[in-house]
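K.L.:
One structure follows; several queries about it will come next.
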Amino acid sequence: MNKFIFVSGGVCSSLGKGVAASSLGALLEARGLNVRMVKCDPYINVDAGTMSPYQHGEVYVTDDGAETDLDLGNYARFTRSPLSRANSVTTGQVYDAVIRKEREGRFLGRCVQVIPHITDEIKSRILAVAREDADTDVVIVEIGGTVGDIESIPFLEAARQLIHELGKGNAISVHLTLIPEVAGGELKTKPTQHSVKAMQEMGIQPDMLICRAPVMLDEATRRKIALFTNVEAGAVFTSYNVDTTIYEIPLIFHDQKLDQVVLKKMGVESRHADLEPWRAMMEKFRARQGKTRIGIVGKYMELHDAYKSVYEALFHAGLECGVEVELIKIDSSRLEEKGDPEKILGAVHGILVPGGFGQRGINGMVKASAWARDNKIPYFGICLGMQVMMIDWGRNMLGWEDADSGEFNPDTKHPVVSLLEDQVDIKNYGGTMRLGQWEARAEEDSLILAAYGERFIWERHRHRYEFSNRYRQEMAGSGLRIGALTPDGSLVECVEWPDHPWGLGVQFHPEFKSRPTAASPLFRDFIAAAKNTMQGNP
Ligand code: GLN
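The sequence shown begins at 34 in the working numbering and counts up by one.
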């Protein structure tokens, strides 16, 4: 069985299309179907790797090292869809591929055009995901952007062609819109009517609507929307604001029979929905007691999406440890120079320094590391956060005042963090870091071994710099524990503080594999340690 669901959005962006598509995926999986998720991004960047986190939120990394849109992170948290380079399609990739073919003369003298050449390339990428695995039942394709955007036109056109070619029931359109509330509390359906008209102008009649609204839409409103949009009244759903967690959305959709209607539209016989794992997760959510305050010391603090997977992984760990994790977002530059760490960090139960690039705010992060180390506050360093531990150890434990990373001070006499050897000659920025899944081997008696419970660990990477082996002996000799190495022993993957409740840094990004139903082991142990601090210091 190969069915396709195209999820598009209208009225405005940031309606939670990614979460809606992922929730739909989760529900179909609960009904025993094999789901694959694909994101189409209309931007011209080949991938998200070169985009600033301020522009587009975090860069999500797949096992095979693709630097993708953060929606793939939603797919990974809600569904079991394997995710790789193939699951993220951008305008940049599509044009790049078509232009290469044109240069190779593969179009045999024809004029190369958006339709059919660009749309053919898009379609072949979507169909390739469906064919990758013979067991795939449904491919959910989320089309980024908003209907009416110039950039999304080729993707919507490709969807229109596929819906037409595959035939009714084999490919359906789910459209997400906004029902705004105007003064007086009245809910307005007009933008939805316009949005569906825009879809119809593209030649696509949505089969189902998901309306983002402050509250559940009543029957009369749903009927009115149905009347104006040619969508059946039973196929108009509400994604209302939840004050619990986004992970309740699959259950909320299920209560409205969304999955049942999707199956019917696709001509798939109804089957039992096993939502037990999601219900059990919500039980854990409601059973949490106490607030563990975690200080995130980073530099992209204003935009929640910039550290999306880290925040989600903290939430998952809280579920597992039975506590609510309160995020205290601290711009590291506040800790620089005169910033008093006691004042800024004094009330937190744990400190996390996430990944990042560039010099700004680094000294504030080093101060946070030193403060957590001295005050025995649990500390978790991820990628840059581990490199910061090295700089702190070099400066404050070994007395090398200029200890630094080659990234921030190429002239330092103590580059305790240095460029990876195979990065030295690389000039291009896009897709050239040490990326994707690599194996690490945990050392005996380490925190990391205790967390994973196994010596061989596969996690995803995204970095150019690394613990400098030149200093390995001095670092280890002065007490800094090496928690994990690559299996050949050539790269340090984890460091740990001695005589400390829980101080650990990893060169990889465990946040990418954390799920609400299975927290990342390192996040779980970090929150467990912070919970201990909380209980001693509520
Ligand atoms: N900037 C550092 C490096 O390139 C850290 C990267 C990261 O935190 N993802 O190695």
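Glycine included, every Cβ here is placed at the ideal spot set by N, Cα and C.
All of these numbers come straight from a predicted model, not from anything done at the bench.
1. Have a look at 407, 566 and 331 and flag the residue whose alpha-carbon is nearest the alpha-carbon of residue 91.
2. What span of residues does the beta strand (DSSP E) with residue 110 cover, start to end?
3. Please state the DSSP three-state secondary structure of residue 190.
4. Does the Cβ-Cβ distance between residue 433 and residue 427 come in under 8 Å?
5. Any heavy atom of the ligand GLN closer than 7 Å to the beta-carbon of residue 417?
6. I think residue 350 touches residue 556, with their Cβ atoms under 8 Å apart; what is that distance to the nearest whole Å?
7. Using 8 Å as the threshold, is the C-beta distance between residue 237 and residue 192 below it?
8. In three-state DSSP terms, what is residue 333?
9. Is residue 388 near the ligand GLN, in the sense that its beta carbon is under 7 Å from a heavy atom of that ligand?
10. Could you check what DSSP says for residue 453 in three-state terms: helix, strand or coil?
11. Do residue 420 and the ligand GLN come close, with the Cβ less than 7 Å from some heavy atom?
12. How is residue 293 classed by DSSP in three states: helix, strand or coil?
13. Exposed or buried, what is residue 71 when buried is set at 16 or more other beta-carbons lying within 10 Å of its beta-carbon?
14. Would DSSP call residue 491 helix, strand or coil?
15. Determine the contact status of residue 430 and residue 449, defining contact as a CB-CB distance below 8 Å.
16. Give the straight-line distance between the Cα atoms of residue 412 and residue 461, rounded to the nearest whole angstrom.
17. Measuring from the CB of residue 497, is there a heavy atom of the ligand GLN at a distance below 7 Å?
18. Is the closest heavy atom of the ligand GLN to the C-beta of residue 440 under 7 Å?
19. Can you tell me which of 270, 107, 242 and 320 puts its alpha carbon nearest to the alpha carbon of residue 251?
20. Roughly how many angstroms lie between the CA atoms of residue 235 and residue 303, to the nearest whole one?
21. CA-CA distance, residue 374 and residue 481?
22. Which first and last residues belong to the beta strand (DSSP E) in which residue 373 is found?
23. How do the stretch 269-284 and the stretch 75-87 stand: do at least 3 beta-carbon pairs fall below 8 Å, yes or no?
24. Distance check for residue 415 and residue 166, CA to CA, integer angstroms please.
25. Pull up the distance between the alpha-carbon of residue 308 and that of residue 521, whole angstroms please.
26. For the 8 Å Cβ check, are there 3 or more pairs between the stretch 113-123 and the stretch 356-373?
27. If residue 110 and residue 549 are in contact, beta carbons under 8 Å, what's the gap, nearest whole angstrom?
28. Identify, in the order they occur along the chain, each residue of the same chain with its Cβ nearer than 6 Å to the Cβ of residue 68, setting aside the five sequence neighbours on each side.
29. In the DSSP assignment, find the beta strand (DSSP E) that holds residue 208 and state where it starts and stops.
30. Of all the options 164, 87, 346 and 392, which has the alpha carbon lying nearest to the alpha carbon of residue 357?
31. Note the first and the last residue of the continuous alpha helix (DSSP H) segment covering residue 171.
32. Per DSSP, residue 121 forms a beta bridge with which residues?
33. May I ask you to report which of helix, strand or coil DSSP gives residue 340?
34. Leaving out five residues on either side along the sequence, give the residues of the same chain with a beta carbon under 8 Å from the beta carbon of residue 553.
35. In chain order, what residues of the same chain lie with their CB nearer than 7 Å to the CB of residue 466, ignoring the 5 residues before and after it?
P.N.:
On the basis of the coordinates in this document:
1. Nearest C-alpha to residue 91: 331.
2. For residue 110, there is no enclosing beta strand (DSSP E); the enclosing alpha helix (DSSP H) has its first and last residue at 104-111.
3. When secondary structure is reduced to three states using DSSP, residue 190 falls in the helix class.
4. For residue 433 and residue 427, yes; Cβs fall inside 8 Å.
5. Relative to the non-hydrogen atoms of the ligand GLN, the Cβ of residue 417 comes within a distance shorter than 7 Å of at least one.
6. The pair is a contact, with the Cβ atoms about 4 Å apart (cut-off 8 Å).
7. Going by C-beta atoms, residue 237 is nearer than 8 Å to residue 192.
8. Three-state DSSP puts residue 333 in coil, outside helix and strand.
9. Under cutoff, so the answer is yes.
10. Residue state for residue 453 is assigned as coil, using DSSP reduced to three classes.
11. Checking the Cβ of residue 420 against the ligand GLN gives yes.
12. The three-state secondary structure of residue 293, taken from DSSP, is helix.
13. The residue is buried, with at least 16 neighbouring Cβ atoms inside 10 Å.
14. Three-state DSSP puts residue 491 in a strand.
15. The answer is no: Cβ separation not under 8 Å.
16. Residue 412 and residue 461: Cα-Cα distance of roughly 34 Å.
17. Residue side-chain check: residue 497 places its Cβ nearer than 7 Å to a non-hydrogen atom of the ligand GLN.
18. Yes, the ligand GLN has a heavy atom inside 7 Å of this Cβ.
19. Residue 270 holds the alpha-carbon nearest to the alpha-carbon of residue 251 among 270, 107, 242 and 320.
20. Taking C-alpha positions only, residue 235 is separated from residue 303 by approximately 31 Å.
21. About 27 Å.
22. Annotation: residue 373 is outside any beta strand (DSSP E) and is labelled neither H nor E by DSSP.
23. The stretch 269-284 and the stretch 75-87 do not touch, with fewer than 3 CB-CB distances between them shorter than 8 Å.
24. Those two C-alpha atoms are separated by around 34 Å.
25. Each residue's alpha carbon lies about 43 Å from the other.
26. No: the two stretches stay apart, fewer than three of their Cβ pairs being nearer than 8 Å.
27. About 6 Å; that satisfies the 8 Å criterion.
28. Within the same chain, residue 68 has close Cβ partners 58, 61, 62, 112, 114 and 171.
29. Following the DSSP letters along the chain, one finds residue 208 inside the beta strand (DSSP E) bounded by residues 204-211.
30. Taking residue 357 as reference, the option from 164, 87, 346 and 392 with the minimal CA-CA separation is 346.
31. For residue 171, there is no enclosing alpha helix (DSSP H); the enclosing beta strand (DSSP E) has its first and last residue at 171-176.
32. Answer by DSSP bridge pairing, in chain order: 72.
33. It is helical.
34. When the five nearest sequence neighbours on each side are left out, the beta carbons in the same chain lying within less than 8 Å of the beta carbon of residue 553 are those of 346, 349, 350, 543, 544, 546 and 547, in order along the chain.
35. Around residue 466, the same chain offers 495, 496 and 497 as residues with beta carbons nearer than 7 Å, after the five sequence neighbours per side are excluded.
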